[in-house]
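Letter by letter, the sequence shown follows residues 2 to 698 in my numbering.
Here's the structure, in C-alpha cells; my notes come after.
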Amino acid sequence: MSYAGKQVRVGVDIGGTFTDVAMEIGTELHSTKVLTNYTAPEQAILDGLQRVAKQAGIETGDIDLVIHGTTLATNVLIERRGAKTAFLTTRGFRDVIEMRTENRFEQYDLNIVLPAPLIARDSRYVVAGRIGASGRELAPLDEAAVARFACDVAAKGYESIAVGFVHSYVNPAHEERAREIIAEHAPDLSVSISSEVSPQMREFERFNTVCANAFVKPLIASYLNRLVVRLAEIGAGCPVYMIHSGGGLISVDTAASFPVRLLESGPAGGAIYAADVAARHGLRQILSYDMGGTTAKICLVEDFTPKTARTFEVARTYRFKKGSGMPISIPVIEMVEIGAGGGSLAHVDGMRQIRVGPESAGSEPGPACYGRGGDKPAVTDADLVLGKLDPDNFAGGDIKLTTQSSVDALLAQVGQKLGMNAEKAAVGVVEVVDESMAAAARVHAVENGKELGDFTMIAYGGAAPLHANRLCEKLGINALLIPPGAGVGSAIGFLRAPFGYEAVRGAYMKLSQYNAEWVDEVLGGLEAESVRVARDGAGDVPLEIERKAYMRYVGQGWEISVVLPNDGLGVDGASQLRGLFEAEYIRLFGNPLEGLDVEVMNWSVKAASRVAAVTRVDPVAKAGTAPVKQTRQIFDAKEVGYLAASVINRSDMSPGIAVSGPAAIVERETTTIVTAAYEAILQSDGCLLIQKKGAMA
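Spelled out as C-alpha cells, the structure:
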C-alpha cells in the first residue's frame, strides 16, 4: 500500500485525556486530537484515523503502517483496575513487595503512609525451593505445592499469575517449571515470570515488575487484539507496532506478552521527538518538556540522545515524591514526572495550601470547563480564566469551553476556602504547578551535574506551550523551541523511532575474577535475544548493537552504566572494563577510588535499526513582525497582572516573522504563550524560537 508513491505512516498516542494522531505522507504531516474513550480506547484511535485520513484526502486502506503508544497500562496501575492477580514466590519472601526498602520518601512526616502493594497479602502465595546466588539449586522446587496453588487460584477466580523466585535472574529453571505446572492445571490463567520480564537482581524491584506485568497483561492483550481486528474492519489492515519505554518499536505480540514495557511508551515517543528536533537544529544540550492532560515530564537530551535508565517509578502517591511510587525495572528513557497536566485537579489541603494533582479529571468528565459533568477545577480551568485559552477555539473549535464553569469550580474548591476571587485562585493554581515543575527540574539537573541555564528547552504536548515560557523564566533558560505539531509531539516521535529492543540480565562478576568465556556467553545470549525481537519489525535491515555493563566499586550501593566496545572484550577484558568504568566514574564524580575491586551487577545489549539522518536547519533571523489583528487579556505572572496580548495564528506566520510578547500563538492542537519579556520568531522548519527580547538578530 502507498498513496501517490509515498508511504503513509501513522503515529497514535493514547493519553489520559486526549488521543493524538499524526499522519505522515512523505514530508507532509496531518494531525488531530480526540478525547480518549476509557470504555473502548480503540474507538478513539479509529475516530482519529478516519478524521486525519479525511484531512489528508486519502482512504484508511492507504495506510501502510500504524505505530502506537499508550498510557493505558500506566493508568491501569495507578487506578488499580487490572486483572485479579496472584503472586507466587519463594517461601520467606512473601512480604518483600510490602516491606519495600529502607527509603523514606518524606523524612519529616510523622504520619507517613507507605503505598499499598499492588498484590494484597491474601493473594500472595509461597512455595518451597531455592536457587542460590550462584545459580546452583539449593533446594528442589515443591512441584506438588505449585500444582495445588494453580488449582486453588483457578477455583478462586484469579485471572493472572506473577511468579517471582529468589535469584531466578541467574537460573530461571524453577520459574520456568512453575509456569509449566500452572499451564497443566490451569491453562486459562495468564502467567508472567520474573526471569523473562525483568531478569535483574534486587528482589523488591524485580517482584514489583513481574506483578505489574501480570496485573495489566490480560487487559492489554485483549485491547491490542481488539485494536488489530477493528483496524482491519475499517480497511486499515496494515502492520501495527508498539513503541516501548526504551524508545524502540516492537511487535504487538511482544507487547502483549510484556505490557510492562509499555508503561512509559507515550513519553518515550516525546523524548525521541525532542531529540530529532535537537539534531535538526544542532542543539547538544536539551531539556525536553512534555505536558499533556494528566502529567508533565522532563528528559535530559545530550548529543541528540535521550538519557536512559534501567528503573523508574510509576504511580507516585505522595506529591510526585521520588520513592513514593512503584519501582519498575526495565530499560527506559529516563524521564522525571515533574508536575501535573492540564486535567490535574486542584484542591486546598489541611494546611490551607493549594495542591494540584495527582488526581486528574481525564477526559471523562474532564475539567469543569468541558461541560461534561466535571465540577472540580483543573489546570485547564485556571488557564482559561487567566486568558491563556480561547473558549471558542479549543482543540480547533471541536471542544467549546465554558468560562463560567471554571470560575464556579475555582471558587468552590479554592477561592472560598482561602478568601480569594476566581482570578487569584487561578493564579495560585498555575503558579503552584509551574513552581513545582521548576523545583523538580532543578533537582534533576543537580543530580545529573548539569546547569540548566546552558540548555535549550523543547516543549510539546497539548499543555506544555501554555506553560513553557514561564517555566523558562523560573529556570533561567534563555531559549525555547516549540516545534510544529507540538500538540501531538509524542505521536510524531513514534514515527522517528527505530525498531529496537534492549535485553538485560543480572549476572554478577568481580573484575578480579574475570572470566572471558563466561562474559562472552552472557553478552552473546543477550545479543541473540535483542536481535530476535528487533527483527520482528526491522526485517533484514542492518542493526546497530550497543552493549553495556552496570558497574560499581565493591561495597557501593548503586552502579553506573558503562558502554562496552563493539569489537568485544578479550582475555584482557578485566583491564578494559576497569579502564572504561573509571573513565566514566571520573566523568561523573571527579575522582576514582583507589585500592577497591570493581564488580559488574547487570549486563545489557540493545539492537536497533538505524535512524535516518536529519537535515540540519540554519537559524533564521528576524525579518519582520506579525501584524496584530486581535488581542485579549492574558495574565502575566512576572508582571503580576493582565496584559493586552496579541493573538496570532501560527499558520499565518512565515519564516523570519516575529511576535513580541505578551502574545498567544494559536494552532489547532495547542496555544503557545509568549510572556512580556520574550519574543518569538518562526524558523525555516516551522519551529517557534522564543528568546528574551534583544537576544535575537
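Positions of the beta carbon are idealized from the N, C-alpha and C atoms, including for glycine.
A quick note: this is a predicted structure, and the numbers were derived from the prediction, not measured.
* DSSP beta-bridge partners for S345? -> S361
* Asked: Once you ignore the five residues that flank E560 on each side, which residues in its own chain have a CB closer than 6 Å to its CB?
  -> Y551, M552, R553 and M602
* Between the region 169-189 and the region 217-230, do at least 3 Cβ pairs fall closer than 8 Å? -> no
* Could you have a look at H186 and say whether DSSP puts it in helix, strand or coil? => helix
* Neighbourhood of I194 by C-beta, 6 Å cutoff - its chain only, sequence neighbours within 5 removed -> V164, E176 and R180
* Which partner residues of W559 appear in the DSSP bridge assignment? -> Per DSSP, none; premise fails for W559.
* Would you kindly report the start and end of the unbroken beta strand (DSSP E) that includes D393? => D393 -> no beta strand (DSSP E), and no H or E assigned at all.
* Asked: Quick one: Cα of S610 to Cα of T71, how far?
  -> 22 Å
* To do: Return helix, strand or coil for P268, following the three-state DSSP convention.
  => helix
* **Stretch pair the region 424-433 + the region 347-359: three plus CB contacts closer than 8 Å** => yes
* Asked: Which value, in whole angstroms, describes the spacing of the CA atoms of A460 and E335?
  -> 17 Å
* Which class does D637 belong to by DSSP, given the choice of helix, strand or coil? -> strand
* Asked: Whose CA, out of V241, A84 and F590, lies closest to the CA of T255?
  -> V241
* From A698 to D653, what distance separates their C-alpha atoms? -> The pLDDT assigned to A698 is 47, lower than 50, so where the model puts this residue is not dependable; a value taken from the coordinates is nonetheless given after this. Their Cα atoms are separated by approximately 21 Å.
* Since A665 and A646 are thought to touch, with beta carbons under 8 Å apart, how far apart are those beta carbons, to the nearest angstrom? -> 6 Å
* **For P116 and D143, the rounded distance between their alpha carbons** => 32 Å
* To do: Mind checking which residues open and close the alpha helix (DSSP H) that includes R92?
  => Here R92 belongs to no alpha helix (DSSP H), and DSSP marks it neither H nor E.
* According to DSSP, is K7 helix, strand or coil? -> strand
* Can you tell me which of the three DSSP states E43 falls into? => helix
* Roughly how far, in whole angstroms, is the beta-carbon of Y126 from the beta-carbon of F166, given that I think they are within contact range, below 8 Å? -> Not really, about 12 Å apart at Cβ, beyond 8 Å.
* May I ask you to report which of helix, strand or coil DSSP gives R669? => coil
* Determine the burial state of K298: buried for a count of at least 16 other Cβ atoms within 10 Å of its Cβ, exposed for fewer. => buried
* Asked: Under 7 Å between the Cβ atoms of L263 and A74?
  -> yes
* Asked: In the structure shown, what three-state DSSP assignment does P65 receive?
  -> One detail in the question is off: residue 65 reads as Asp in this sequence, not Pro. Coil at D65, not helix or strand.
* **Cβ distance (whole Å) where A498 is taken to contact L689 below 8 Å** => That pair is no contact at about 24 Å.
* Asked: When the Cα atoms are used, what is the spatial distance from G351 to D153?
  -> 45 Å
* Asked: So, is S135 buried or exposed, given that buried needs 16 or more other C-beta atoms within 10 angstroms?
  -> exposed
* Asked: Taking all protein chains shown into account, do 16 or more other C-beta atoms lie within 10 angstroms of the C-beta of D399, making it buried, or fewer, making it exposed?
  -> exposed
* To do: Tell me where the beta strand (DSSP E) around M552 begins and ends.
  => L544 to Y554
* **Per DSSP, the bridge partner or partners of A645** => Q634
* **Nearest-angstrom Cα separation, counted from K694 out to C473** => 14 Å
* Determine the direct distance from the alpha carbon of E448 to that of K639, and round the result to whole angstroms. => 28 Å
* **Bridge-paired residues (DSSP) for C300** => S289
* Residues in its own chain within less than 8 Å of K322 by CB, not counting five upstream and five downstream? -> F106 and E107
* Asked: So G133 packs on H168, CB below 8 Å; how close in whole Å?
  -> 6 Å
* Asked: Among the residues of its own chain, which have a CB less than 8 Å from the CB of N516, if the five just before and after it don't count?
  -> M510
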